[in-house]
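So the structure is just underneath, and the comments pick up after that.
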Amino acid sequence: MPVYQASSKSSHPSGVPFGGIGAGKFEILPNGLWNAFTFENNWSQPLLGSEKYPGVLGYHLGISSKPLAGPRRFSKEALLLQTVPVRNCPTVKGIRYEGAFPRARLFYETPGLGLEISLEVFSPWIPGDAKRSSLPAAFFTLRLQNRSGAPVEAGCLFIGRNVSGAWCVGRQNLVEEEKDALHLEFLNRAPGGRDPQQGSLRFSFLKENWRMSFIESWNAVTRNFSFGPENISLEAWEAFVRSGALPNSGSHVTANGENQELCGAVAAHQVLRPGEAKALSFTAAWHFPHHPLGHHYQRDFKDAASVSKYVLPRREAFRRKVEQVEKAVLSFPFPEWFNDALLTNLAPFFASTWYVKDGRFAFYEAPVICPLMGTLDVGFYGSIPLGYFFQELELSQIRQFAEAQRPDGYIPHDLGKNRIDLASNGTTFYLWKDLNPKFILMVYRDFLWSGDRAFLKEMFPHVKHALSWSLSKDDDGNGLPDHEGADQTFDLWEVRGAFAYTSSILLAALLACERMGKQMKDVPFAREARERFGKAKESFEKELWNGKFFGKVCALSQLNGQWYADLLDLGWTADPAKIRKAISHILTHNGEPSRFGLVNSVNPDGSLDASNDHSKNIWSGMNYAFMGLCISQGFPLNKLLREGHKLWNNIVIRQRNAWNLPDTIDSETGEYRFGDSYYRNMAIWSIPIAYAKRDKKTRKILQYLRTVNERH
Numbered sequence: 035m036p037v038y039q040a041s042s043k044s045s046h047p048s049g050v051p052f053g054g055i056g057a058g059k060f061e062i063l064p065n066g067l068w069n070a071f072t073f074e075n076n077w078s079q080p081l082l083g084s085e086k087y088p089g090v091l092g093y094h095l096g097i098s099s100k101p102l103a104g105p106r107r108f109s110k111e112a113l114l115l116q117t118v119p120v121r122n123c124p125t126v127k128g129i130r131y132e133g134a135f136p137r138a139r140l141f142y143e144t145p146g147l148g149l150e151i152s153l154e155v156f157s158p159w160i161p162g163d164a165k166r167s168s169l170p171a172a173f174f175t176l177r178l179q180n181r182s183g184a185p186v187e188a189g190c191l192f193i194g195r196n197v198s199g200a201w202c203v204g205r206q207n208l209v210e211e212e213k214d215a216l217h218l219e220f221l222n223r224a225p226g227g228r229d230p231q232q233g234s235l236r237f238s239f240l241k242e243n244w245r246m247s248f249i250e251s252w253n254a255v256t257r258n259f260s261f262g263p264e265n266i267s268l269e270a271w272e273a274f275v276r277s278g279a280l281p282n283s284g285s286h287v288t289a290n291g292e293n294q295e296l297c298g299a300v301a302a303h304q305v306l307r308p309g310e311a312k313a314l315s316f317t318a319a320w321h322f323p324h325h326p327l328g329h330h331y332q333r334d335f336k337d338a339a340s341v342s343k344y345v346l347p348r349r350e351a352f353r354r355k356v357e358q359v360e361k362a363v364l365s366f367p368f369p370e371w372f373n374d375a376l377l378t379n380l381a382p383f384f385a386s387t388w389y390v391k392d393g394r395f396a397f398y399e400a401p402v403i404c405p406l407m408g409t410l411d412v413g414f415y416g417s418i419p420l421g422y423f424f425q426e427l428e429l430s431q432i433r434q435f436a437e438a439q440r441p442d443g444y445i446p447h448d449l450g451k452n453r454i455d456l457a458s459n460g461t462t463f464y465l466w467k468d469l470n471p472k473f474i475l476m477v478y479r480d481f482l483w484s485g486d487r488a489f490l491k492e493m494f495p496h497v498k499h500a501l502s503w504s505l506s507k508d509d510d511g512n513g514l515p516d517h518e519g520a521d522q523t524f525d526l527w528e529v530r531g532a533f534a535y536t537s538s539i540l541l542a543a544l545l546a547c548e549r550m551g552k553q554m555k556d557v558p559f560a561r562e563a564r565e566r567f568g569k570a571k572e573s574f575e576k577e578l579w580n581g582k583f584f585g586k587v588c589a590l591s592q593l594n595g596q597w598y599a600d601l602l603d604l605g606w607t608a609d610p611a612k613i614r615k616a617i618s619h620i621l622t623h624n625g626e627p628s629r630f631g632l633v634n635s636v637n638p639d640g641s642l643d644a645s646n647d648h649s650k651n652i653w654s655g656m657n658y659a660f661m662g663l664c665i666s667q668g669f670p671l672n673k674l675l676r677e678g679h680k681l682w683n684n685i686v687i688r689q690r691n692a693w694n695l696p697d698t699i700d701s702e703t704g705e706y707r708f709g710d711s712y713y714r715n716m717a718i719w720s721i722p723i724a725y726a727k728r729d730k731k732t733r734k735i736l737q738y739l740r741t742v743n744e745r746h
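My numbering applies: residue 35 is where the sequence shown begins, and numbers increase by one.
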């Protein structure tokens, strides 16, 4: 798993996201800061820290230790569990951060404190269980062990800030105490429900022999029009340092003017004998119902309190599921770094999804930089684990594209921008030539993996209409679609005439159409698809094959149709010898121009194709698709994973940004260029699916993952 050692000087742009499918998320960074809140229906405008303080100010964890007897090798001390300073509060020396989606563990360096301290945070992500994987909740376990030779009074502190609503006016904090738990909730009492950021966030602390205390509310602003780490009021911290407890003050204050940032806090303390270990367990649960289309979680929960009530008794069951999934993925017969990458690339499930009240689902292409919903040319890659593990969600998304199909048969590029009811044709003014064949292949894939014949029957007319549109874009009668500019997924890459990328995908789509025609007993359609395939294959080999590869330049993606054909057992899209020769040429030449991964395209002489910004750079998802193709074609695993390791090392070690992955990477510098929490990168899951066709252990693990929700 990506492991970081954070200090006061290290930079960490992202952390594991915690939340749920369609429910939004927050992150805890390797430096201990809380950041990137999107659970307030604000996916495209996350609540972020600043350059001065790279986290959400007002969210802090603290610890105190007071020796009660024995040799006084240490004195009473209190520390914030973060490496970034705020005011003059002492912080831990360092943090070891281990992140494996959807869980992170933080181990704190506290020399001289006499306590060994760690924090575990997770949210449930359970293949096959969309309901529990979409819960708006996260679970925390703060573990303390007394490593001194004397009993100590150990204290834990949580400070949170009410950020409910776009405006501070109307915010209110509420403390509720029950026999087994203490709850601190951040609400907004503003009327009308017109603010999508208005809702409630509830932190619930299990008592479990901890003596708890609280401050319900205080204004953390000390200077008007200035709220920063140098002047925030940390009233609870000051009380905690003095006594290890808080005064149990409940003010019931509602913010009724600006420059009011309401914070609240909970403290817990108990005595630890030498060697004794204890854990403070608490949960975050939220309910932000004012999304224009509502949330799926609203079907089961009326407020944050009801979410909390549901999840609290189930935390251990959820932890077991998370551990089972993690253990299974990390046991794939691949190098450790690659199994880490499989887990890490699942982060968009929490960071980039809508799952609305009526059951519709969609992925963002990239929630901040490109907030288009469901983007089909990207989903061709990124929806592979969605279709494999959460079929009901994938069927919902592809159905929406079928419903949005244009009267002439054209399949839209996306479902809308920050909406799913206003589909658009594409990011350029051309009609894209790769969308329809991709839609066809995704429909067949979803049928194959779900076994849902009713779904195929429903989609079949859309498939036929989509194919008809694609065939109409053959201007010269050679059976291949003709491009007229930047009219495919590489929307900065001008192409005229036949292009190996789209042609290869159309060939695979024709094979899928033949299969679907036979399934639906539409013999004429199946026959036509076979005949069209024969003509297109002949032209593909005659016009695009140059003896080394397909096309005028050697594109990494020239055989992505064969990648999908292998994934779905459709057979060959072209002569096998030519396909393998092209793969070998790509392996030899496309990795030469960059030390960070395989570039999108090289010229016939092996030099970097710098004709446009897309051809000359690295696309992570395309790298993963090519690796999947190589594996299905029997190429040695070690060679492929060496190429992939270059890509992963840059992401984890050089960029130190493993959980907010881009689409494109600069081939010269390794820096991220375009995209955030990008959908396409989940194509990495095609690799174990491909390898399972020849490896029994991989096949067994995938079968286990697909049924893990049914296991105890």
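Just so you know, even glycine gets a beta-carbon here, dropped at the ideal spot from N, CA and C.
query                                                                                                        : result
First through last residue of the beta strand (DSSP E) which encompasses A319                                : A311 to H321
Cα-Cα separation, A659 to I665                                                                               : 10 Å
Meets three-Cβ-pair contact criterion under 8 Å: the region 614-628 and the region 575-588                   : yes
Residues that DSSP places opposite H217 in a beta bridge                                                     : E210 and S238
Per-residue DSSP class, three states only, for D374                                                          : helix
Buried versus exposed, by CB contacts within 10 Å (16 or more), D639                                         : exposed
Segment contact, 8 Å Cβ cut-off, at least three pairs: the region 326-339 with the region 382-401            : yes
Test item: CB-CB of P51 and F384 under 7 Å                                                                   : yes
Given 8 Å, three or more beta-carbon pairs between the region 506-517 and the region 630-644                 : no
Alpha-carbon to alpha-carbon, V742 and R107                                                                  : A caution first: R107 carries a pLDDT of 49, below 50, which makes its placement in the model unreliable, though a value can still be read off. The alpha-carbon atoms of R107 and V742 are separated by roughly 49 Å.
Integer Cβ distance of F352 from F173, believed to fall under 8 Å                                            : 7 Å
For P36, three-class secondary structure by DSSP                                                             : coil
A608, DSSP secondary structure in three states                                                               : coil
Range of the contiguous beta strand (DSSP E) that encloses F52                                               : P51 to G54
Opposing strand residues paired with V412 [DSSP bridges]                                                     : Answer is none; V412 lacks a bridge partner.
Straight-line Cα distance separating R740 from S234                                                          : 34 Å
Beta strand (DSSP E) segment containing W388, residue limits                                                 : T387 to Y389
Cβ neighbour criterion (16 or more within 10 Å) applied to I687                                              : exposed
Distance CB(L675)-CB(P369) smaller than 7 Å                                                                  : yes
Nearest-angstrom Cα separation, counted from V300 out to S277                                                : 13 Å
Alpha-carbon spacing of R745 relative to F463, whole angstroms                                               : 50 Å
Contact check, P222 vs G199, beta carbons under 7 Å                                                          : One point to set straight first is that residue 222 is Asn, not Pro, in the sequence displayed. Yes, the pair counts as a contact, with Cβ atoms nearer than the cut-off.
Where T125 sits in the DSSP three-state scheme                                                               : strand
Coil, strand or helix - F384 by DSSP                                                                         : helix
CB of N379 within 7 Å of CB of I652, strictly                                                                : no
Status (buried if at least 16 other CB within 10 Å, exposed otherwise) for L456                              : exposed
Beta bridge counterpart(s) of P101 as assigned by DSSP                                                       : V186
E575 classed as buried or exposed, judged by whether at least 16 other C-beta atoms fall within 10 angstroms : exposed
Y87 versus P347: straight-line alpha-carbon distance, rounded                                                : 36 Å
Entirely enclosed alpha helix (DSSP H) segments - the region 597-646, minimum 4 residues                     : 610-623
N-terminal and C-terminal residue of the beta strand (DSSP E) that K59 is part of                            : G58 to I62
Proximity test, Cβ basis, 7 Å: M493 and chain B                                                              : Annotation note: the requested chain B is absent from the structure, which comprises a single protein chain.
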